[in-house]
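Peer 1: My numbering numbers the first residue of the sequence shown as 1 and each following residue consecutively.
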Amino acid sequence: MPRFRSKTAAICMNLCVLTLLLATHSHAQANETPQISHTPQQLSVTGYTLPADKLAKAKALYKVRTTLYLFGMLFDIAVLWILLRLRIAPAFRDLAERAATNSFLQTVIFVPLLILLLSIISLPLDIYRHKVSLTYGLSVQGWRSWFADWCKAEAVELVLLIPAVFALFWIIRRSPQLWWFYFWLLALPFLIFLVFVAPVVIDPLFNKFEPLQKTDLQLVAAIEKVTQRGGLNMPPDRMFEMKASEKVTTYNAYVTGIGATKRVVVWDNTIRDMTIPEILFVFGHEMGHYVLDHIYKGLAFSAILMLAGLWLGRRIALAFVARWGKHWQIRGITDLAALLVLMLTLSLLTLVGEPVGNAFSRDLEHEADRYGLEVTHGIFPDNGAVAASSFQKLGEKAYDYPTPNRVLVFWSYDHPPTADRVRFALAYHPWNTPKGPKYVK
Ligand SMILES: [Zn+2]
Numbered sequence: 001m002p003r004f005r006s007k008t009a010a011i012c013m014n015l016c017v018l019t020l021l022l023a024t025h026s027h028a029q030a031n032e033t034p035q036i037s038h039t040p041q042q043l044s045v046t047g048y049t050l051p052a053d054k055l056a057k058a059k060a061l062y063k064v065r066t067t068l069y070l071f072g073m074l075f076d077i078a079v080l081w082i083l084l085r086l087r088i089a090p091a092f093r094d095l096a097e098r099a100a101t102n103s104f105l106q107t108v109i110f111v112p113l114l115i116l117l118l119s120i121i122s123l124p125l126d127i128y129r130h131k132v133s134l135t136y137g138l139s140v141q142g143w144r145s146w147f148a149d150w151c152k153a154e155a156v157e158l159v160l161l162i163p164a165v166f167a168l169f170w171i172i173r174r175s176p177q178l179w180w181f182y183f184w185l186l187a188l189p190f191l192i193f194l195v196f197v198a199p200v201v202i203d204p205l206f207n208k209f210e211p212l213q214k215t216d217l218q219l220v221a222a223i224e225k226v227t228q229r230g231g232l233n234m235p236p237d238r239m240f241e242m243k244a245s246e247k248v249t250t251y252n253a254y255v256t257g258i259g260a261t262k263r264v265v266v267w268d269n270t271i272r273d274m275t276i277p278e279i280l281f282v283f284g285h286e287m288g289h290y291v292l293d294h295i296y297k298g299l300a301f302s303a304i305l306m307l308a309g310l311w312l313g314r315r316i317a318l319a320f321v322a323r324w325g326k327h328w329q330i331r332g333i334t335d336l337a338a339l340l341v342l343m344l345t346l347s348l349l350t351l352v353g354e355p356v357g358n359a360f361s362r363d364l365e366h367e368a369d370r371y372g373l374e375v376t377h378g379i380f381p382d383n384g385a386v387a388a389s390s391f392q393k394l395g396e397k398a399y400d401y402p403t404p405n406r407v408l409v410f411w412s413y414d415h416p417p418t419a420d421r422v423r424f425a426l427a428y429h430p431w432n433t434p435k436g437p438k439y440v441k
């Protein structure tokens, strides 16, 4: 089959050309953010607003991002549809079947061909996204480092996908009716394991982490006041600082892992540019995720969505194969080439499932904000103003647009808009009411 042989050759060619292109064009970008010489100051905030120059930038960025978001969504679906019409997956399948009789080896050949092709097709869009981040000063990551991350992400994806796809088709072939349920059962422990190992195996591939005890003992001591107030016995070795400043200029902190790997991670930028009370509020928010078991809740929610998605996905994929299978040269749902049909189905379902997942996420984030306010109450004066100041800094640094479209927020925001968070922080005073605070009495 010379047609696909030249196709695979083209992929390899593209990869090599791209590597060269990126390597030669990547100037040795200074991977360092300017050190601020002043001590961070708290801002006086009455609502989330931006000065005129930053607002103009934020608006432009908001427009670019919204366009990219909408375009990206349609692009992914269009690419899958076009590849199906071009019968690319059957060509890769034939190649895999000719090269190996063993179904695992066939998967080992088929999956990387398909995934790399898809990734290369969307690479220009990824490059453009990074270009935007660089232009707006959100990122300081040079192209060489960025492309190394891209390659690592591809490798991680393949390492995870090859056994997953093999298991999926092994189950589909054995239980054409109930595979959606059996695959779900198998995927659950795998998902939990992934959450467990991600902070120690995957995350260090992309960023450097240091125990906070090593980098900032004073901060650890301040944080202990907050954990004690929340009645949480969190060992300091579960607090980490991430060297984010090597790649980005924005602020962040997050909770990750499960069981023995559960931890709070604060980006070094956040620690550098925020006052101790502001960091404590940010930490309090993350502690909220930790104490309120948001990782477990998120896992349970994902499991439910996944079950519904697999059940529905099977029906949609079967309908696609029945309608266009012949034309696409896909023999049936048990055919390895049907992976592309399943991916198209998944993309369509994600489109619909996204607002559901985001609404859930926004709710958890709001509760974490509430917890952060409650757990820092009394530790330093006027913690609402402190929280508002930290949100202002976060938003300003990321050129967060103050008045996003409400439909867009509903559909695509996984956090409440910054303006809403500031408003809530300034207005939340449950301590003098009969009901009292919700989480930290
Ligand atoms: Zn959060």
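Where is the CB? At the ideal position from N, CA and C, for every residue including glycine.
Could you tell me the alpha carbon to alpha carbon distance between residue 275 and residue 141, rounded to whole angstroms?
Peer 2: In the sequence shown, residue 275 corresponds to position 275, counting from 1. In the sequence shown, residue 141 corresponds to position 141, counting from 1. C-alpha separation (whole angstroms): 26 Å.
Peer 1: Taking the alpha-carbon positions, what's the residue 350 to residue 223 distance?
Peer 2: Looking up residue 350 in the sequence shown gives position 350. Looking up residue 223 in the sequence shown gives position 223. Taking the straight line joining both Cα atoms gives about 38 Å.
Peer 1: Could you tell me the distance, in whole angstroms, from the CA atom of residue 369 to the CA atom of residue 46?
Peer 2: Mapped onto the sequence shown, residue 369 falls at position 369. Mapped onto the sequence shown, residue 46 falls at position 46. Whole-angstrom Cα-Cα distance: 17 Å.
Peer 1: For residue 28, which of helix, strand or coil comes out of DSSP?
Peer 2: The residue you call residue 28 lines up with position 28 of the sequence shown. For residue 28, the pLDDT reaches just 31, beneath the cut-off of 50, and the residue's location in the model is therefore unreliable, although a value from the coordinates is still provided. Coil, per DSSP.
Peer 1: Report all residues from its chain with a CB closer than 6 Å to the CB of residue 360; omit the five preceding and five following residues, and keep chain order.
Peer 2: Taking the sequence shown and counting its residues from 1, the one referred to as residue 360 is at position 360. Only 301 meet the Cβ criterion.
Peer 1: Roughly how many angstroms separate the alpha carbons of residue 343 and residue 330, rounded to a whole number?
Peer 2: Locating residue 343 in the sequence shown gives position 343, counting from the first residue. Locating residue 330 in the sequence shown gives position 330, counting from the first residue. About 14 Å.
Peer 1: Assign residue 399 to one of three DSSP states: helix, strand, or coil.
Peer 2: In the sequence shown, counting from the first residue as 1, residue 399 sits at position 399. Looking at residue 399 - three-state DSSP - the assignment turns out to be coil, as it is neither helix nor strand.
Peer 1: On the DSSP letters alone, give me the boundaries of the alpha helix (DSSP H) that residue 187 sits inside.
Peer 2: Taking the sequence shown and counting its residues from 1, one reaches residue 187 at position 187. Residues 179-197.
Peer 1: What ranges does the beta strand (DSSP E) occupy inside the stretch 207-281, keeping only unbroken runs of at least 3 residues that lie completely in it?
Peer 2: Entirely contained in the stretch 207-281, the beta strand (DSSP E) runs reaching 3 residues are, in chain order, 209-211, 239-242, 253-256 and 263-267.
Peer 1: Quick check on DSSP: helix, strand or coil for residue 415?
Peer 2: The count along the sequence shown starts at 1 and reaches residue 415 at position 415. Residue 415: coil per DSSP, three-state reduction.
Peer 1: Whose beta carbon lies closer than 5 Å to any heavy atom of ligand 1, going through the chain in order?
Peer 2: Any residue whose Cβ sits closer than 5 Å to a heavy atom of ligand 1 makes the list: 365 and 368.
Peer 1: To which residues of the same chain is residue 281 closer than 7 Å at the C-beta, ignoring the five residues directly before and after it?
Peer 2: The residue labelled residue 281 in the question sits at position 281 within the sequence shown. Around residue 281: 372, 376, 383, 386, 387 and 390.
Peer 1: Using the Cα positions of residue 171 and residue 102, report the straight-line distance between them to the nearest angstrom.
Peer 2: Mapped onto the sequence shown, residue 171 falls at position 171. Mapped onto the sequence shown, residue 102 falls at position 102. Whole-angstrom Cα-Cα distance: 16 Å.
Peer 1: Would residue 445 be called buried (16 or more neighbouring beta carbons within 10 Å of its own) or exposed?
Peer 2: Here the chain has residues from 1 to 441 only, and residue 445 is not among them.
Peer 1: In terms of residue numbering, what span does the alpha helix (DSSP H) encompassing residue 380 cover?
Peer 2: The residue you call residue 380 lines up with position 380 of the sequence shown. Unbroken run through residue 380: none, as it is neither H nor E.
Peer 1: If you reduce the DSSP assignment to three classes, tell me which class residue 175 lands in.
Peer 2: Start at 1 with the first residue of the sequence shown, and residue 175 comes out as number 175. Coil.
Peer 1: Quick one, which of 233, 339 and 288 has its alpha-carbon nearest residue 161's?
Peer 2: Residue numbering aside, residue 161 sits at position 161 when the sequence shown is read from its first letter. Ranking the options by Cα distance to residue 161, first place goes to 339.
Peer 1: Could you tell me the distance, in whole angstroms, from the CA atom of residue 423 to the CA atom of residue 124?
Peer 2: Within the sequence shown, numbered from 1, the residue matching residue 423 stands at position 423. Within the sequence shown, numbered from 1, the residue matching residue 124 stands at position 124. So the alpha carbons of these two residues sit roughly 39 Å apart.
Peer 1: Assign residue 44 to one of three DSSP states: helix, strand, or coil.
Peer 2: Walking along the sequence shown from the start, residue 44 turns up at place 44. Reduced to three states, the DSSP call for residue 44 is coil.
Peer 1: Buried or exposed: which applies to residue 431, given that a residue is buried once 16 or more other Cβ atoms fall within 10 Å of its Cβ?
Peer 2: Here the question's residue 431 lines up with position 431 in the sequence shown. With fewer than 16 Cβ atoms within 10 Å of its Cβ, residue 431 is classed as exposed.
Peer 1: If you follow the alpha helix (DSSP H) that residue 328 is in, where does it begin and where does it stop?
Peer 2: Locating residue 328 in the sequence shown gives position 328, where the first residue counts as 1. First-last of the alpha helix (DSSP H) with residue 328: 294-328.
Peer 1: Are there 16 or more other CB atoms within 10 angstroms of the CB of residue 433, so buried, or fewer, so exposed?
Peer 2: The count along the sequence shown starts at 1 and reaches residue 433 at position 433. With fewer than 16 other Cβ atoms within 10 Å, it is exposed.
Peer 1: Find the nearest neighbour of residue 39 within the set 51, 272 and 426, judged by alpha-carbon distance.
Peer 2: Locating residue 39 in the sequence shown gives position 39, counting from the first residue. For residue 39, the nearest C-alpha among the options comes from 272.
Peer 1: State the Cα-Cα distance for the pair residue 67 and residue 441, rounded to the nearest angstrom.
Peer 2: Indexing the sequence shown from 1 puts residue 67 at position 67. Indexing the sequence shown from 1 puts residue 441 at position 441. C-alpha separation (whole angstroms): 45 Å.
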